[in-house]
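Peer 1: This is the structure, below, for whatever I ask next.
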Amino acid sequence: MFLYPHKRLLQPTLWLLIGLSACLAPAGRAQEKPYFVTYSHDLEEPGNLEVETKTALARPEGSNRYGATAMELEYGLRAWWTTELYLDGQATANDSTLYTGFRWENRFRPLMREHVVNPVLYIEYENTSGADKTILEVVGHDGQSDLASPNGEARREHQHEAELKLILSSNLKDWNVSENFIAEKDLGHAPWEFGYAVGVAHPLRSAASGRNCTFCREKFMAGVEAYGGLGDVAALTMRDTSHYVAPLLGWQLPKGMRLSLSPGFGLTSSSLDRVYRVGLAFEFNQIGGWFHSENGGAQ
Amino acid sequence: MSRRILAVLSLALGVTLTVFAATSSRWTQIPAKEHLRTNPLGGQPEAAAAGAQVYREHCLQCHKADARGDGRKRPSLRSERLQSASDGDIEWFLRQGDLGRGMPSWSSLPEMQRWQVVAYLRSIQ
Numbered sequence: 008m009f010l011y012p013h014k015r016l017l018q019p020t021l022w023l024l025i026g027l028s029a030c031l032a033p034a035g036r037a038q039e040k041p042y043f044v045t046y047s048h049d050l051e052e053p054g055n056l057e058v059e060t061k062t063a064l065a066r067p068e069g070s071n072r073y074g075a076t077a078m079e080l081e082y083g084l085r086a087w088w089t090t091e092l093y094l095d096g097q098a099t100a101n102d103s104t105l106y107t108g109f110r111w112e113n114r115f116r117p118l119m120r121e122h123v124v125n126p127v128l129y130i131e132y133e134n135t136s137g138a139d140k141t142i143l144e145v146v147g148h149d150g151q152s153d154l155a156s157p158n159g160e161a162r163r164e165h166q167h168e169a170e171l172k173l174i175l176s177s178n179l180k181d182w183n184v185s186e187n188f189i190a191e192k193d194l195g196h197a198p199w200e201f202g203y204a205v206g207v208a209h210p211l212r213s214a215a216s217g218r219n220c221t222f223c224r225e226k227f228m229a230g231v232e233a234y235g236g237l238g239d240v241a242a243l244t245m246r247d248t249s250h251y252v253a254p255l256l257g258w259q260l261p262k263g264m265r266l267s268l269s270p271g272f273g274l275t276s277s278s279l280d281r282v283y284r285v286g287l288a289f290e291f292n293q294i295g296g297w298f299h300s301e302n303g304g305a306q
Numbered sequence: 017m018s019r020r021i022l023a024v025l026s027l028a029l030g031v032t033l034t035v036f037a038a039t040s041s042r043w044t045q046i047p048a049k050e051h052l053r054t055n056p057l058g059g060q061p062e063a064a065a066a067g068a069q070v071y072r073e074h075c076l077q078c079h080k081a082d083a084r085g086d087g088r089k090r091p092s093l094r095s096e097r098l099q100s101a102s103d104g105d106i107e108w109f110l111r112q113g114d115l116g117r118g119m120p121s122w123s124s125l126p127e128m129q130r131w132q133v134v135a136y137l138r139s140i141q
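Taken in sequence, the protein lines are chains B and V.
For the first sequence, our numbering gives the first residue as 8, with consecutive numbering after it.
For the second sequence, our numbering gives the first residue as 17, with consecutive numbering after it.
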């Protein structure tokens, strides 16, 4: 269901997803930035469901190539509250393909007005195995050695974690600037670990052309994000931590689809050399209305 | 210990959200300087046409193709409120949203696209 690195397996799944979305999705579109790790203060529009796959492709030093996908179901409960479920999986060459767990996260905007800097509170519960390789955040002393263990060994480690983020985000002159401060705690024993993510993004054209087009510049957004670990409560440090910088490109496709691409580059010896990311999102407008008639009663 | 911290944080979050969710109508909060702003694209028919395109992509799902809303939670945009509002009022409202009442903030839209939507909304009154 999640990731099949071999082309012959990936293609039927991808085309099924695209086909379903083309049939079901009305002409809506997401407003999100092409970030993979960083969060801005954009929340899902209330009643909308976004289905997105975020895939990371990499090869840890001395280990096999892998592809890991997080399938994200994001629903706008309120204009100030978005909830998301992630289902993670990965496949490692010369090893195996497996489901690695789930995450449930909620994002809240505590301030109802738009400010120069807009805070968002993020709370996540994560139930994954040690074989999870999606790299949706980097905290503590996370490094490429964590991604190099054979799946049979890594999957025996269970992680029940709570994660808190303070998201600060600004929209200034069509630029989005976002900063995330991350604190993660294994609910069993490990200490709090910390990390960060920052991102900047800008549309290639500010004004709409007024045409139905796919390749217009206003359909593209470019940016860059950087993220990494900051140690833990025992040692708040950047020593032996991983850090990445990643250019971003987002392309708003017809029928509420969005494609995001990002090559990421490791900056320290603990980091992966490169992480290639691909995101494909489908937005389903007002799915709450599918179950209610126009006069408010259930169908 | 960590569970206690999480419980306290959850409680604090709940109280914060309850307090901030109860806000008065956005239209009464528009600053005077925002009210006085004029649409830099005003009087340009192509701006209204482009605004119609932006409307279809972002606003139609709630306010419907005829901009009359659903008669319940999604208000009509062909209203006396809109007719009497200045360009600056409408652009400010789009940028701010009304999160407590379900209207998202569209600050993530480029400013020119917000003004194009204002031009479109003016053209349909």
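The C-beta atom is built at its ideal place from N, Cα and C for all residues, glycine as well.
Since we're looking at a predicted model, the values are computed, not measured.
Is the separation between the beta-carbon of B/PRO126 and that of B/LEU175 shorter than 7 Å?
Peer 2: Yes, the pair counts as a contact, with Cβ atoms nearer than the cut-off.
Peer 1: By how many angstroms is the C-alpha of B/GLU186 removed from the C-alpha of B/TYR251?
Peer 2: The alpha-carbon atoms of B/TYR251 and B/GLU186 are separated by roughly 15 Å.
Peer 1: Residues of the segment 113 to 127 of chain V with a CB closer than 9 Å to any CB of chain B: list them in chain order, please.
Peer 2: Within the segment 113 to 127 of chain V, the residues whose Cβ lies closer than 9 Å to some Cβ of chain B are GLY113, ASP114, LEU115, GLY116, ARG117, GLY118, MET119, PRO120, SER121, TRP122, SER123, SER124, LEU125, PRO126, GLU127, listed in chain order.
Peer 1: Give the list of continuous beta strand (DSSP E) stretches no shorter than 3 residues that lie fully inside the segment 64 to 97 of chain B.
Peer 2: Whole beta strand (DSSP E) segments, 3+ residues: 73 to 85.
Peer 1: Looking at chain V, which residues of the segment 86 to 98 of chain B have a Cβ within less than 8 Å of any of its Cβ atoms?
Peer 2: Hits within the stretch, in order: ALA86, TRP87, TRP88.
Peer 1: Using 7 Å as the limit for Cβ to Cβ distance, is B/SER267 near chain V?
Peer 2: Chain V contact via Cβ: absent.
Peer 1: So that I know if they touch, is there some Cβ in chain V lying closer than 7 Å to that of B/SER249?
Peer 2: Answer no: the Cβ-Cβ gap between B/SER249 and chain V never drops below 7 Å.
Peer 1: Tell me whether B/SER47 is buried or exposed, calling it buried when 16 or more other Cβ atoms sit within 10 Å of its Cβ.
Peer 2: Buried is the call here.
Peer 1: Using the beta-carbon count (16 or more within 10 Å), is B/VAL44 buried or exposed?
Peer 2: Buried.
Peer 1: Among the residues of its own chain, which have a CB less than 8 Å from the CB of B/ALA214, if the five just before and after it don't count?
Peer 2: Around B/ALA214: GLU225.
Peer 1: Work out the CA separation of B/LEU84 and B/ILE189 for me, nearest whole Å.
Peer 2: Taking the straight line from one Cα to the other gives about 23 Å.
Peer 1: V/ARG111 versus chain B: which residues are under 8 Å apart at the beta carbon?
Peer 2: What V/ARG111 touches in chain B: GLU121.
Peer 1: Are the beta-carbon atoms of B/GLU164 and B/GLY137 separated by less than 7 Å?
Peer 2: Yes, they are a contact pair.
Peer 1: Does the separation of the CB atoms of B/PRO198 and B/VAL145 fall below 7 Å?
Peer 2: Contact: no.
Peer 1: Taking Cβ-Cβ distances shorter than 9 Å, what residues in chain B pair up with V/GLN132?
Peer 2: Per Cβ cutoff of 9 Å: ALA214, ALA215, GLY217.
Peer 1: Which partner residues does B/LEU134 have in the DSSP bridge list?
Peer 2: With the sequence shown as reference, residue 134 of chain B is identified as Asn, and Leu is not the correct amino acid for it. For B/ASN134, which the question treats as bridged, DSSP gives the partners B/PHE109, B/HIS167.
Peer 1: If you drop the 5 nearest sequence neighbours on each side, which residues of the same chain put their C-beta closer than 6 Å to that of B/TYR42?
Peer 2: So the qualifying residues of the chain are GLY206, GLU232.
Peer 1: According to a CB-to-CB cut-off of less than 7 Å, which residues of the segment 42 to 67 of chain V neighbour chain B?
Peer 2: Taking 7 Å as the Cβ-Cβ cut-off against chain B, the residues of the segment 42 to 67 of chain V that qualify are GLU62, ALA65, ALA66.
Peer 1: Consult DSSP for B/ASP239 and reduce its assignment to one of helix, strand or coil.
Peer 2: Of the three classes helix, strand and coil, the one that applies to B/ASP239 here is strand, per DSSP.
Peer 1: What would DSSP say about B/GLY295, mapped onto helix, strand or coil?
Peer 2: Helix at B/GLY295.
Peer 1: What residues are listed by DSSP as bridge partners for B/ASN125?
Peer 2: Its beta-bridge partners are B/SER176.
Peer 1: The beta strand (DSSP E) with B/MET264 in it runs from where to where?
Peer 2: Taken as a continuous stretch (DSSP letters only), the beta strand (DSSP E) holding B/MET264 covers 264 to 273.
Peer 1: I'd like the list of long-range same chain contacts for V/TYR136, defined as Cβ closer than 7 Å, with 5 residues on each side in sequence excluded.
Peer 2: ALA64, GLY67, ALA68, TYR71.
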